[in-house]
Structures are given as C-alpha cells and as structure tokens.
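Below is one structure, written out as structure tokens; the observations come after it.
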C-alpha cells in the first residue's frame with residue numbers, strides 16, 4: 035500500500051471518530067444527532083430497517099446505542115487507526131513529515147432530554163456539507179447515496195492516478211479537479227453555514 039492511501043484512510047477514520055464521539059457526552063445535541071445519523075440508513079430499500087436496528091441496538095436510540103458507539107469509538111476505530119498509523123510511520127521516511135494540526139476543544143452542552151426536541155439541530159462545521167446534502171435533496175434515498183458517495187469518492191482519488199509519481203498538479207488532473215471542486219464547494223458551504231448559524 036502506498037503512503038498516500040494511508041493518509042486518505044486515516045482522514046476517513048478521523049471523521050468516523052467525529053460521528054461516534056458525537057454521542058458520548060449524551061447531551062441534548064448528541065442524543066438527537068445520533069437519532070438522525072442512525073436513522074439515515076432507513077432510506078435504503080429492504081435492508082434499511084434492519085441496518086438501523088443493528089446500529090441502534092434496538093428499535094429506538096437508547097443505552098444500547100450509546101454502548102455500541104462507545105465500543106466503536108474506544109476499541110474498533112482506535113484499532114483500525116493504530117494499524118493505519120503503523121503503516122503510515124513505516125512509510126513516512128519516503129515522503130517527509132507535515133506540520134501539526136491544532137484542534138480547538140468543543141464545549142459540552144445541556145444533558146440529553148429525549149422529551150424536549152431542540153428547535154433546530156445543526157451539526158458541527160465538519161459535518162455541515164453532509165447535512166446540507168441531506169437537507170437540500172428532496173429524495174431521501176438519493177440524499178443518502180450522495181452523502182455516502184462523498185467519502186467513497188475521496189477514498190478512490192489516490193487509486194485513480196499515481197500521486198506519488200507526479201508532483202506537478204498539471205500532470206494529476208483528477209486530484210487537481212477534486213481539490214478545486216472541494217475548494218469551491220467549501221466556499222459555498224461556508225456561506226450556507228454563515229446563514230444557518
């Protein structure tokens with residue numbers, strides 16, 4: 035496996051930590067966000083309802099859902115991350131080291147209350163593009179397919195062209211196009227989030 039593949043997989047795993055970790059404070063926003071996130075597969079014909087029950091651990095969001103998300107967040111995802119980090123460190127001498135990313139901690143909100151729905155549940159900034167896809171597409175199944183196609187599409191980019199061989203962006207049209215499309219869509223999403231927040 036090439037160096038760039040591990041970086042892409044680690045990025046997807048990092049986003050997965052955001053999904054599973056969102057529920058762990060079990061506050062108002064976390065509870066309702068998990069209810070929405072685990073309800074998304076319901077739009078898939080035939081396997082949607084069993085998949086929702088598998089994710090939640092029961093018909094509704096509850097203690098079993100929290101336990102499953104906790105297990106994913108503290109065991110499965112860290113194990114996968116450790117495997118990809120080991121691969122990343124083994125190949126890091128070929129590519130060099132990038133600078134550190136600085137994260138700002140988020141404040142924990144009100145305790146979860148299943149009987150009081152907030153007026154509008156808005157996701158964190160890193161999930162806002164996915165939220166906008168689900169919000170703007172009228173067909174729920176099409177929205178789910180578009181939502182899933184974004185990370186899957188990003189995972190395929192390193193396989194489409196040899197990113198290690200060519201450093202010149204003009205010799206890597208797929209990656210360059212993805213970068214510019216992402217840049218412009220980020221500007222649009224930033225405008226949407228400015229209006230929403």
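Numbering (the working numbering), first residue to last: 35 to 231. Where a beta carbon is used, it is the ideal one built from N, C-alpha and C, also for glycine. Owing to the predicted nature of the structure, the values given are computational and were not obtained by experimental measurement.
May I ask you to report which of helix, strand or coil DSSP gives residue i?
| i | result |
| --- | --- |
| residue 145 | strand |
| residue 46 | helix |
| residue 155 | coil |
So, is residue i buried or exposed, given that buried needs 16 or more other C-beta atoms within 10 angstroms?
| i | result |
| --- | --- |
| residue 43 | buried |
| residue 67 | buried |
| residue 40 | buried |
| residue 107 | buried |
| residue 136 | With a pLDDT of 46 at residue 136, under the threshold of 50, the modelled position of that residue is not reliable, and the figure given next carries that caveat. Exposed, because fewer than 16 other Cβ atoms sit within 10 Å of the Cβ of residue 136. |
| residue 214 | exposed |
| residue 193 | exposed |
| residue 103 | buried |
| residue 100 | buried |
| residue 54 | buried |
| residue 206 | buried |
| residue 110 | exposed |
| residue 178 | buried |
| residue 117 | exposed |
On a CA-only basis, which of the options is nearest residue i? Give me that one, please.
| i | options | result |
| --- | --- | --- |
| residue 154 | 63, 56 and 49 | 63 |
| residue 158 | 57, 39, 45 and 47 | 57 |
| residue 186 | 76, 212 and 125 | 212 |
| residue 163 | 219, 87 and 119 | 219 |
| residue 166 | 225, 116, 193 and 123 | 225 |
| residue 48 | 175, 160 and 206 | 160 |
| residue 174 | 116, 82, 96 and 215 | 82 |
| residue 119 | 52, 45, 177 and 147 | 45 |
| residue 156 | 60, 96, 55 and 70 | 70 |
| residue 151 | 65, 189, 113 and 94 | 65 |
| residue 74 | 122, 176 and 206 | 176 |
| residue 105 | 122, 90 and 207 | 90 |
| residue 285 | 206, 145 and 169 | Because residue 285 is not part of the residues shown, which for the chain are 35 to 231, the question remains open. |
| residue 88 | 72, 97, 77 and 125 | 72 |
| residue 149 | 178, 95 and 221 | 95 |
| residue 51 | 113, 98 and 76 | 113 |
| residue 78 | 188, 181 and 217 | 181 |
| residue 184 | 216, 170, 208 and 172 | 216 |
| residue 189 | 170, 221, 92 and 209 | 209 |
Q | Whole alpha helix (DSSP H) elements within the stretch 76 to 104, 4-residue minimum | A | 82 to 90
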